[in-house]
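Below is one structure, written out as structure tokens, with a few remarks after it.
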Amino acid sequence: MAETTRPPWMFTLDGTFLGFVEADPIKAKTIRLDVDGEVLAIKLRKEVRRMLRSRLQPGDYLRCIGRSELDGDTIKLKAYQVFTLLTPLPTHVSTPPPTLKIQVCRKSGCQKRGGQQLVVALEQALRDRNLQTQVEIQYTGCQKHCSEAPTFTVSPGHHRYNRVQPSRLPAILDRHLAATKPSPGQV
Ligand code: FES
0 MAETTRPPWM FTLDGTFLGF VEADPIKAKT IRLDVDGEVL AIKLRKEVRR
50 MLRSRLQPGD YLRCIGRSEL DGDTIKLKAY QVFTLLTPLP THVSTPPPTL
100 KIQVCRKSGC QKRGGQQLVV ALEQALRDRN LQTQVEIQYT GCQKHCSEAP
150 TFTVSPGHHR YNRVQPSRLP AILDRHLAAT KPSPGQV
């Protein structure tokens with residue numbers, strides 16, 4: 000009798016990157032992710048691993064999106080997209096709400112037109128400037144501006160940006176952060 004194939008299941012997992020399973024960095028393709036104390040092995044899609052191999056550092060907080068499949072008694076996880084998130088802060092630390100919110104489309108229309116590189120550059124710009132607590136990144140579905148992809152908005156104000164080159168991100172961040180600062184004499 001033909002074996003029934005089970006449908007793959009999508010997953011989204013947030014956790015701390017511990018390192019690669021493979022010792023040889025050239026062959027590294029599976030990450031170890033600590034998700035609430037449970038260590039999971041997640042294989043990366045080829046394009047994703049090429050991009051991330053040299054960039055990931057143990058301790059990075061990641062969001063992995065992919066699908067799981069049952070192989071005998073083993074659940075295999077394969078990630079198709081990986082984002083570096085802002086490290087979750089300890090719950091006892093009270094922090095002010097972020098000043099800016101950036102909503103980035105992560106659907107395939109934008110991802111294929113430079114969206115993945117844009118996200119990498121955005122996360123890097125926030126880290127370089129230590130803005131992780133001031134700027135919140137939200138990943139969204141299609142924002143209905145696919146013909147002008149990649150696209151994102153910055154709030155307050157819901158300002159839309161289309162086809163932005165990663166090199167422009169620092170100037171955009173500076174402009175919006177400056178706009179949120181009270182002017183002299185303003186209470
Ligand atoms: S896919 Fe990004 S706006 Fe439609």
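In numbering that gives the first Met the number 0, the protein residues as written are 0 to 186.
Cβ coordinates follow ideal geometry from the N, Cα and C atoms, glycine included.
For the alpha helix (DSSP H) that residue i lies in, which residues bound it at each end?
i, result
"ILE74", "Here ILE74 belongs to no alpha helix (DSSP H); instead the beta strand (DSSP E) covers 73-84."
"ARG174", "168-179"
Based on DSSP bridge pairs, tell me the residues matched to residue i.
i, result
"LYS100", "GLU135 and SER154"
"GLU147", "For GLU147, which the question treats as bridged, DSSP gives no partner whatsoever."
"VAL38", "ASP33"
"GLY14", "LEU61"
"ASN161", "THR150"
"LEU208", "Past the edges of the chain, shown from 0 to 186, lies residue 208, and the structure says nothing about it."
"GLU68", "LYS75"
Under 8 Å by Cβ, that's how I've got residue i and residue j pegged, so tell me the actual separation to the nearest angstrom.
i, j, result
"LEU55", "GLY65", "At roughly 16 Å, the Cβ-Cβ gap does not stay under 8 Å, so LEU55 and GLY65 are not in contact."
"CYS63", "ALA78", "4 Å"
"LEU121", "THR179", "Not a contact, Cβ separation roughly 18 Å."
Determine the DSSP secondary structure at residue i, reduced to helix, strand or coil.
i, result
"GLU21", "coil"
"SER107", "helix"
"ARG54", "coil"
"ARG128", "coil"
"THR4", "Since pLDDT at THR4 reaches only 44, below the 50 mark, its modelled position is unreliable, and the value read off the structure follows with that caveat. Note: THR4 maps to coil in three-state DSSP."
"VAL186", "Model confidence at VAL186 stands at a pLDDT of 44, short of 50, so the residue's coordinates are unreliable and nothing is read from them."
What does a CB cutoff of less than 7 Å around residue i pick up in its chain, not counting 5 residues either side in sequence?
i, result
"TRP8", "ARG66 and SER67"
"ASP59", "PHE16 and THR83"
"ALA124", "LEU168, PRO169 and LEU172"
Less than 6 Å between C-beta atoms, sequence neighbours within five positions excluded: which residues of the same chain meet that for residue i?
i, result
"THR139", "GLN102 and CYS104"
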